[in-house]
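Heads up: the sequence shown begins at 3 in my numbering, then just goes up one per residue.
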Amino acid sequence: MKNILNAGLVGLVLAFLSCKSQNYNAMLENTEPKLISNKFTFTEGPATDKIGNVYFTDQPNDKIYVWDWKTDKVSLFLDKTGRANGTYFDDNDNLITCSDNEGEIWKIGKDKSVEVLSKGFEGKRLNGPNDLWLDGNGGIYFTDPLYKRDYWENFKVEIPEKNLYYRNKDGKISKLETFVQPNGIIGSTKLKKLYVSDIDAGKTYVYDILGEGKLSEKKLFCEMGSDGMTLDKEGNLYLTGDGVTVFNSKGQKVHHIKIPEDWTGNVTFGGENNNILFITASKSVYTLPTKTSGLK
């Protein structure tokens, strides 16, 4: 009897997990990503402002564009961006960006004004900040890998490590962790979690956020690295590379979204109800309506 009960319990658990996966698949069933534009060279860094419009970068061309959810059109927002890579909006709707070309963190206002927030670490030039997330307390977590660019002039490595950093609201930067090649990053003030991808190691890690710039020991979340990432309100994590791969909060793969491009760089939620998946992929950007919404 005990074995029968155990077998029944296992069956119920498996059925529940299967049901959850099927439910997630149904959220996107018979829906193909919609191509919005393919006029770019390499798109990255999507971030959503307070009204649901998504800003993204075309890094090789040193430009930031904006997708207007009302018109479904893309227009140029800013030229000469410091070769912006990852971006994120602060509480005042300023766009905080990773200036890959300058090794800096910038704040760009809606009036297109630029303020340099961070120029380096302990007097040394950063390698090229890649992606960032804001913690709601004025702090910025950001990754600093090393991808040597053809457009860099007179660049010399001053920090051989590839690190995760935290910039507090007063501008002080602390080194938190060293990786093989840190890349995508996202967090949630609601869940008090921070996710960081070590893309060259093929792994994504999760931390508990214990305080401002204070993290628990990292734990392996899944055996997949990622260029960019986002979270939905159910706590599912979306990773990029070969399309978009979705993992539930337990680190189990529950869905894969095929994108007809060589590489998918990043992803976020946008639109009026924050329920449209906005995907940057090589020379193109795509949208995909969902039955969930992004998590802050």
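By construction, the Cβ of each residue, glycine as well, lies at the ideal position given by its N, Cα and C atoms.
Note that this is a predicted model, so its numbers are computed, not measured.
Here's the rule I'm using: 16 or more other beta-carbon atoms within 10 Å means buried, otherwise exposed. How should residue i be labelled?
i    : result
P262 : exposed
I53  : exposed
T242 : buried
E179 : buried
S120 : buried
S228 : buried
Just verifying my parser: in three-state terms, what is the DSSP assignment at residue i?
i    : result
N250 : coil
I53  : coil
P162 : coil
P184 : strand
N87  : strand
I310 : In this structure the chain extends from 3 to 298, so residue 310 is not present and cannot be described.
D70  : strand
N132 : coil
D60  : strand
At the level of alpha carbons, what is the spacing between residue i and residue j?
i    : j    : result
K285 : I38  : 11 Å
E274 : N55  : 8 Å
S176 : Y143 : 10 Å
L196 : T270 : 16 Å
K75  : V246 : 23 Å
T191 : K220 : 17 Å
D102 : K252 : 33 Å
N129 : P162 : 8 Å
Tell me which residues share the same chain as residue i and place their Cβ nearer than 6 Å to its Cβ, disregarding the 5 neighbours each side in the sequence.
i    : result
I98  : Y90, D92 and K109
I278 : G272, T289 and P291
T282 : T45, E46, P48, F58, G267 and N268
F181 : K164 and D200
K298 : none
Excluding the 5 residues flanking residue i on each side, which residues of the same chain have their C-beta closer than 7 Å to its C-beta?
i    : result
E236 : T294
F79  : Y57, I66, Y67 and V68
L193 : G237
K260 : G245
S218 : Y209, D210 and L212
Give every residue of the same chain whose Cβ lies closer than 8 Å to the Cβ of residue i, excluding the five residues on either side of it in the sequence, and list them in chain order.
i    : result
N276 : T50, G54, S295 and G296
Determine, using beta-carbon pairs with one atom in the region 224-236 and one in the region 146-166, whether at least three such pairs fall under 8 Å.
-> no
Would you say the region 109-117 touches the region 135-146, given that touching needs at least three Cβ pairs under 8 Å?
-> no
Could you tell me whether the region 242-258 touches the region 38-48, using the rule of 3 or more Cβ pairs below 8 Å?
-> No, the region 242-258 does not touch the region 38-48.
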